[in-house]
Amino acid sequence: MEAISVEELTKKFGRVYALRGATFHVERGSVTALLGPNGAGKTTTIKVLLGLLRPNSGRVRVLGMDPWREEVEVRRSIGVLHERPVYPGGFRVRDLLEYVARIRGLNADSVDRALRLTGLGNHGDARVSSLSRGYLQRLGIAAAIVGDPEVLLLDEPTANLDPAARMEILDLVSLLSRELDVTVLVSSHIIPELERICDHAILISEGRVVEQGNLRELAERYRSSVILEVKVDEPRGLASRLMSMDGVIGVEILEGGLFLKVKSDRIREVEEDLMSSGLSVTFRTSSLQDIYTNVVARDANISG
Ligand SMILES: Nc1ncnc2c1ncn2[C@@H]1O[C@H](COP(=O)(O)OP(=O)(O)OP(=O)(O)O)[C@@H](O)[C@H]1O
Ligand SMILES: [Mg+2]
Numbered sequence: 000m001e002a003i004s005v006e007e008l009t010k011k012f013g014r015v016y017a018l019r020g021a022t023f024h025v026e027r028g029s030v031t032a033l034l035g036p037n038g039a040g041k042t043t044t045i046k047v048l049l050g051l052l053r054p055n056s057g058r059v060r061v062l063g064m065d066p067w068r069e070e071v072e073v074r075r076s077i078g079v080l081h082e083r084p085v086y087p088g089g090f091r092v093r094d095l096l097e098y099v100a101r102i103r104g105l106n107a108d109s110v111d112r113a114l115r116l117t118g119l120g121n122h123g124d125a126r127v128s129s130l131s132r133g134y135l136q137r138l139g140i141a142a143a144i145v146g147d148p149e150v151l152l153l154d155e156p157t158a159n160l161d162p163a164a165r166m167e168i169l170d171l172v173s174l175l176s177r178e179l180d181v182t183v184l185v186s187s188h189i190i191p192e193l194e195r196i197c198d199h200a201i202l203i204s205e206g207r208v209v210e211q212g213n214l215r216e217l218a219e220r221y222r223s224s225v226i227l228e229v230k231v232d233e234p235r236g237l238a239s240r241l242m243s244m245d246g247v248i249g250v251e252i253l254e255g256g257l258f259l260k261v262k263s264d265r266i267r268e269v270e271e272d273l274m275s276s277g278l279s280v281t282f283r284t285s286s287l288q289d290i291y292t293n294v295v296a297r298d299a300n301i302s303g
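Here numbering that gives the first Met the number 0 is used: the first residue of the sequence shown is 0, the next is one more, and so on.
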């Protein structure tokens, strides 16, 4: 089931093409990364999905609706974090969220939940102007989830944050996707950044979608290394055996299990070995950098 479907979307600004026939789909309940370099068309895509920009041509559906024609209905179902959000600094955090709730016709209950989920529970009385960038980004995400949207659009939620704050925001997005019954489309120009939290990816370049799909399929198609999670009571003993296994390029011990980094051409063998030992193995993620590099290399071969 698709939450978002975009076919042959073209958007021009004057003579500049921001999108040139982009086609992609976002599955309901997924966390989908929208990845591409600066100027690729990520923000334009998000604005079209919100009904803020009118496409020149193409078919766009969000939850079955046309965002340009049914903007009010679509906006009611979408929470958004814009690329460069601006907040009135004089407001207190809670007051700002209550204001957001009011204009969406909601009561204050949804504000409490948004504060709690985003880790702002103790900052409700803080002035917006006193928040660090990381906490401002949390506030933006809190505002996006007020009203329990079905779709969350996050445009570079980690932009301008230090590494620790980036991790916190990514963990928050991951938490929200688990806690709320929501579809997340999150953009970044830092390719590997989202691999920890997303299960699907859309790669966009110069206004075209150059690849998309779920990470497991993409890993197989582009021979990217992957991370597998293995559940086991005594991870240390298993770790030393796995270190010497052909194709295993990294082991990280966790409580009650471990993460294995496995070369693309050995994934099946390693999985079969573990499963035949009665262990439970789950695909965690693939290297988005590997996939991206291989997609770019493929496109260079086609055009060259
Ligand atoms: N309002 C506008 N007027 C003119 N050109 C625009 C406008 N908005 C975007 N563009 C152009 O469209 C192209 C795509 O821009 P967009 O902002 O969608 O890219 P992006 O992938 O979000 O990039 P970034 O990673 O820098 O945020 C760029 O060439 C940009 O200069
Ligand atoms: Mg952008």
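Each residue gets a CB set at the ideal place from its N, CA and C atoms; glycine is no exception.
Less than 8 Å separates the beta-carbon of residue 229 from that of residue 278. Contact between the stretch 71 to 81 and the stretch 105 to 122 is absent: fewer than 3 CB-CB pairs across the two stretches fall below 8 Å. Beta-bridge partners of residue 229 (DSSP): 257, 280.
DSSP links residue 4 through a beta bridge to 24, 60. The beta carbons of residue 280 and residue 270 sit closer together than 8 Å. Remark: the shortest separation between the CB of residue 37 and any heavy atom of ligand 1 falls under 7 Å.
Scanning 32, 135, 55 for the CA closest to the CA of residue 13 turns up 55. For residue 151, the uninterrupted beta strand (DSSP E) segment begins and ends at 150 to 154. Partner residues in the beta bridge of residue 210, as assigned by DSSP, are 202.
Relative to ligand 2, the beta carbon of residue 82 is positioned inside 7 Å of a heavy atom. In the structure shown, the three-state DSSP call for residue 217 is helix. If the five residues before and after residue 248 are omitted, its C-beta is found closer than 8 Å to the C-beta atoms of 224, 260, 261, 262, all from its own chain and listed in chain order.
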